[in-house]
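>
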Amino acid sequence: MTRMHVAGSIHADATNPAPQWLVKPTDVNQLDHRLWSDTVERVGSGELRIGGLTASQIVARTGSPVYVIDEVDFRGRALSWRKSFDGWNVYYAAKSFLCATVARWVAEEGLNLDVSSHGELLVALRAGFDPGRIALHGNNKSEDVLRLALTCGVGRIVVDSSDEITRLERLTAELGVRATVLIRVTTGVEAHTHEYIATAHEDQKFGLSITGGQALVGMVRCYHSPAIDLVGIHSHIGSQIFDTNGFEVAARRTLKLMAQFREATGVMLKELDLGGGFGIAYTADDSPSTAADLAQGLKDIVAHECRAFGLTVPILSVEPGRAISGPAGTALYTVGTVKNVEIGGGLTRRYVSVDGGMSDNIRPALYGADYSAVLANRASEARPVLSRVVGLHCEGGDILVRDVFLPGDVRPGDLIAVPASGAYSRSMASNYNHTPRPPVVAVRDGRLSTLVHRETMDDLLALDAGLNSRDDDEVYG
40 MTRMHVAGSI HADATNPAPQ WLVKPTDVNQ LDHRLWSDTV ERVGSGELRI GGLTASQIVA
100 RTGSPVYVID EVDFRGRALS WRKSFDGWNV YYAAKSFLCA TVARWVAEEG LNLDVSSHGE
160 LLVALRAGFD PGRIALHGNN KSEDVLRLAL TCGVGRIVVD SSDEITRLER LTAELGVRAT
220 VLIRVTTGVE AHTHEYIATA HEDQKFGLSI TGGQALVGMV RCYHSPAIDL VGIHSHIGSQ
280 IFDTNGFEVA ARRTLKLMAQ FREATGVMLK ELDLGGGFGI AYTADDSPST AADLAQGLKD
340 IVAHECRAFG LTVPILSVEP GRAISGPAGT ALYTVGTVKN VEIGGGLTRR YVSVDGGMSD
400 NIRPALYGAD YSAVLANRAS EARPVLSRVV GLHCEGGDIL VRDVFLPGDV RPGDLIAVPA
460 SGAYSRSMAS NYNHTPRPPV VAVRDGRLST LVHRETMDDL LALDAGLNSR DDDEVYG
């Protein structure tokens, strides 16, 4: 399990110049296509091209930094998940990245939508997404979001606590509607991932515990509630998971819980949602499974466990988010400064500073996530140099790519591309140091369209009450 220094990743092991998996390339211009979206290629000049547009063309029109979504790749991955899991309900996990256009892509490719906040639900509804194909998550859903979900007819509410059951019973009585719910349970399975994104072990905030008995109590309570229709169980074991091993234990424990519920009530629940967390390749060290392989593995696991408990195979669901949006996205940055730093023992590290940073991708600083990068605006004949791509923020831990080989002649004005940036980059972005968030654009067949506008300084300053008064301003004293 990764444990970060409290002051950030810069204060972790500084004596090791590079991880063992990072191999010095013989050709620094070569792309590892496992990391990039389907249409990414090097053109004759050596420049990176995405969706028919070069990196320079994109930045000339959008400015830098910018998130670039390959629409063909995004749609292709969504379709692959739907076809691989034929007969299942596939929910796109909106938290990985959502905007109105993406919600429409998801709908057009035949996927359902999983939202986990009031804001995500509003985006989906205003984009015209069918509420009956939406599932609402969240460990602390407000009355406002539950009321919206109930009135608009959200298809599934994933109940996370006994307090939420009480809230739903009161709201359904008030609104004169029924709530269709799944109970989220914690299975005690700890995915082999970082502590902050492993979510099925017992000591964490999500769900009702199977081993502690709260899950069965909550299920029976929902079953007897006059305004709640309990249809199934939801489980999620973590994120950035490459195979189905962890799901085997989770499926066994959730299906055993279904059998116990049948014994207690005489009712067989119809649905089982195994959650998401399916990983992608961020670096050459990552080897994720394909959607087809995951589908076959999960189908076999569920069929086997249902036979063991004498259960009919339920309606099954999965929730890929990163696996669809992640590889479809590339972040483009402009180099501002390059410096070589002596780190001791005769070792030197090259720092390549770009015009973004932890405000547009917090994952490396937050839990040590690894990324790769390439020189994007030209080819280079220079030798590969071990480099660290860092941001512009006033933090030592403001690192975008901890270790990567870049050409030794990288210089100010060059463009750097970071693959696999479509998930949890813009969706987790902040305004740290009063930095406006980058835009998100889509590229397809040589055409560029804006998905999310670039934030401006005026956008940021508009919220400062000391600079802009509003009718609802109050003076506290």
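Per this note's numbering, the very first residue in the sequence shown carries number 40; after that it's consecutive. Glycine included, C-beta positions come from ideal geometry on N, C-alpha and C. Fair warning: this is a prediction, and the values are worked out from it, not measured in the lab.
If I measure Cβ to Cβ from Glu203 and keep anything under 7 Å in the same chain, skipping five residues before and after, which residues do I get?
Against the sequence shown, residue 203 aligns to sequence position 164. Hits under 7 Å: Lys180.
> Answer yes or no: do Ser135 and Ser466 have a C-beta to C-beta separation smaller than 9 Å?
Here residue 135 refers to the residue found at position 96 of the sequence shown. Here residue 466 refers to the residue found at position 427 of the sequence shown. With respect to Ser466, Ser135 sits close: the two C-beta atoms are nearer than 9 Å.
> Within 10 angstroms of the Cβ of Thr232, are there 16 or more other Cβ atoms? Answer buried if so, exposed if not.
Position 193 of the sequence shown, counting from 1, holds the residue named residue 232. Low confidence applies to Thr232: its pLDDT is 47, below 50, so where it sits in the model is not reliable, and the reading given next is rough at best. Thr232 is buried by the Cβ-count criterion.
> Answer yes if the segment 248-263 comes into contact with the segment 219-229, meaning at least three C-beta pairs across the two stretches below 8 Å, and no otherwise.
By the Cβ rule, the segment 219-229 counts as touching the segment 248-263, because three or more pairs are nearer than 8 Å.
> Consult DSSP for Val449 and reduce its assignment to one of helix, strand or coil.
For the purposes of this step, residue 449 is taken as residue 410 along the sequence shown, with counting starting at 1. It is coil, neither helix nor strand.
> Three Cβ pairs or more, each shorter than 8 Å: is that satisfied between the segment 348-356 and the segment 282-297?
yes
> Helix or strand or just coil, what does DSSP make of Leu337?
Looking up residue 337 in the sequence shown gives position 298. Residue state, collapsed to three classes: helix.
> Taking the C-alpha atoms as reference points, what is the distance between Leu207 and Ile196?
On the sequence shown, residue 207 is found 168 positions in, with the first residue counted as 1. On the sequence shown, residue 196 is found 157 positions in, with the first residue counted as 1. C-alpha of Leu207 to C-alpha of Ile196: approximately 10 Å in a straight line.
> Tell me, to the nearest whole angstrom, how far the beta carbon of Glu310 is from that of Ser356; I am working on the premise that it is less than 8 Å.
To locate residue 310, count along the sequence shown from 1; it is residue 271. To locate residue 356, count along the sequence shown from 1; it is residue 317. Rounded, the Cβ-Cβ distance is 7 Å, consistent with contact.
> Evaluate Leu506 with the Cβ neighbour count: other Cβ atoms within 10 Å of its Cβ, from every protein chain shown; 16 or more gives buried, anything less gives exposed.
Reading the sequence shown from its first residue, position 467 is the one you call residue 506. Exposed: under 16 other Cβ atoms inside 10 Å.
> Please state if the CB of Leu454 and the CB of Thr559 are separated by a distance shorter than 9 Å.
The chain is shown from 40 up to 516; residue 559 falls before or after that span and cannot be answered.
> Am I right that Gly365 and Met397 are in contact with their C-beta atoms under 8 Å? What's the rounded C-beta distance?
Position 326 of the sequence shown holds residue 365. Position 358 of the sequence shown holds residue 397. Met397 and Gly365 do not touch by the CB rule: their CB atoms are close to 18 Å apart, not below 8 Å.
> Count the other CB atoms within 10 Å of the CB of Gln69; is the residue buried (16 or more) or exposed (fewer)?
Position 30 of the sequence shown, counting from 1, holds the residue named residue 69. Looking at its Cβ environment, which holds fewer than 16 other Cβ atoms inside 10 Å, Gln69 is exposed.
> Less than 9 Å between the beta carbons of Leu439 and Tyr463, yes or no?
Counting from one through the sequence shown, the residue named residue 439 turns up at place 400. Counting from one through the sequence shown, the residue named residue 463 turns up at place 424. Result no, Cβ atoms of Leu439 and Tyr463 do not sit closer than 9 Å.
> Reducing DSSP to helix, strand and coil, say where Asp325 ends up.
Indexing the sequence shown from 1 puts residue 325 at position 286. In the structure shown, Asp325 sits in coil (DSSP, three-state: anything other than H, G, I, E or B).
> So, does the segment 380-390 touch the segment 335-346, judging by three or more C-beta pairs under 8 Å?
no
> Can the beta-carbon of Pro475 be found less than 9 Å from the beta-carbon of Leu490?
Within the sequence shown, the letter at position 436 stands for residue 475. Within the sequence shown, the letter at position 451 stands for residue 490. Not a contact, by the Cβ cut-off of 9 Å.
> Can you give me the start and stop residues for the alpha helix (DSSP H) that His263 sits inside?
Indexing the sequence shown from 1 puts residue 263 at position 224. First-last of the alpha helix (DSSP H) with His263: 253-263.
> Look at the alpha carbon of Val109 and the alpha carbon of Val141, and state the distance between them as a whole number of angstroms.
To locate residue 109, count along the sequence shown from 1; it is residue 70. To locate residue 141, count along the sequence shown from 1; it is residue 102. Note that residue 109 is Asp in the sequence shown, not Val. One C-alpha to the other measures close to 11 Å.
> Measure the alpha-carbon distance for Asp497 versus Asp503 and round it to whole angstroms.
In the sequence shown, residue 497 corresponds to position 458, counting from 1. In the sequence shown, residue 503 corresponds to position 464, counting from 1. C-alpha separation (whole angstroms): 10 Å.
> Assuming Asp202 is part of the alpha helix (DSSP H), what are its boundary residues?
Residue numbering aside, residue 202 sits at position 163 when the sequence shown is read from its first letter. Element bounds for Asp202: 201-214.
> Within 10 Å of its beta-carbon, does Arg121 have 16 or more other beta-carbons around it, so buried, or fewer, so exposed?
Start at 1 with the first residue of the sequence shown, and residue 121 comes out as number 82. Per the 10 Å Cβ criterion, buried.
> Within the continuous alpha helix (DSSP H) that includes Asn284, where are the two ends?
The count along the sequence shown starts at 1 and reaches residue 284 at position 245. Here the alpha helix (DSSP H) through Asn284 covers 284-304.
> Might you give, ordered along the chain, the residues of its own chain that have their beta carbon closer than 6 Å to the beta carbon of Val216, omitting 5 neighbours on each side?
Mapped onto the sequence shown, residue 216 falls at position 177. Here the set comprises Leu189.
> In chain order, which beta strand (DSSP E) runs of at least 3 residues are fully inside the segment 122-197?
128-132, 151-154, 173-175
> Given a cut-off of 9 Å on the beta-carbon distance, is the pair Leu214 and Arg186 in contact?
Within the sequence shown, numbered from 1, the residue matching residue 214 stands at position 175. Within the sequence shown, numbered from 1, the residue matching residue 186 stands at position 147. In contact: Leu214 and Arg186 (Cβ atoms closer than 9 Å).
> Return the residue from the list Asp437, Pro446, Ala404 that minimises the CA-CA distance to Glu420.
Translated into the one-based positions of the sequence shown, residue 420 becomes position 381. Answer by Cα proximity: Pro446.
> Leaving out the 5 sequence neighbours to the left and right, which residues in its chain are closer than 6 Å to Val184 when beta-carbon positions are compared?
Position 145 of the sequence shown, counting from 1, holds the residue named residue 184. Contacts found: His157.
> Given that a residue counts as buried once 16 or more other Cβ atoms are within 10 Å of its Cβ, and exposed if not, what is Ser200?
Taking the first residue of the sequence shown as position 1, residue 200 is located at position 161. So Ser200 ends up on the buried side.
> Would you list the residues sitting across from Ser364 in a DSSP beta bridge?
For the purposes of this step, residue 364 is identified with residue 325 of the sequence shown, where counting begins at 1. In the DSSP output, where bridge partners are listed per residue, Ser364 has none listed.
> Per DSSP, which residues does Ala456 bridge with? Please list them.
Position 417 of the sequence shown, counted from the first residue, corresponds to residue 456. Paired residues: Leu371, Val413.
> Classify Met307 as buried or exposed, calling it buried when 16 or more other Cβ atoms lie within 10 Å of its own Cβ.
Mapped onto the sequence shown, residue 307 falls at position 268. Its Cβ having fewer than 16 others within 10 Å, Met307 is exposed.
> Does the beta-carbon distance from Arg81 to Ala323 come in below 9 Å?
Within the sequence shown, the letter at position 42 stands for residue 81. Within the sequence shown, the letter at position 284 stands for residue 323. In this structure, Ala323 does not lie closer than 9 Å to Arg81 by Cβ.
> How would you call Gln59, buried or exposed, if buried means at least 16 neighbouring beta carbons within 10 angstroms?
Your numbering for residue 59 matches position 20 in the sequence shown. Answer is exposed; the Cβ neighbour count stays below 16.
> Quick one: what's got a C-beta closer than 8 Å to Ile319's C-beta in the same chain, skipping five residues either side?
As a first step, residue 319 is located in the sequence shown; it is residue number 280 there, counting from the start. The answer, listed in chain order, is Gln279, Asp325, Pro327, Arg361, Ala362, Gly365, Pro366, Ala459, Ala462.
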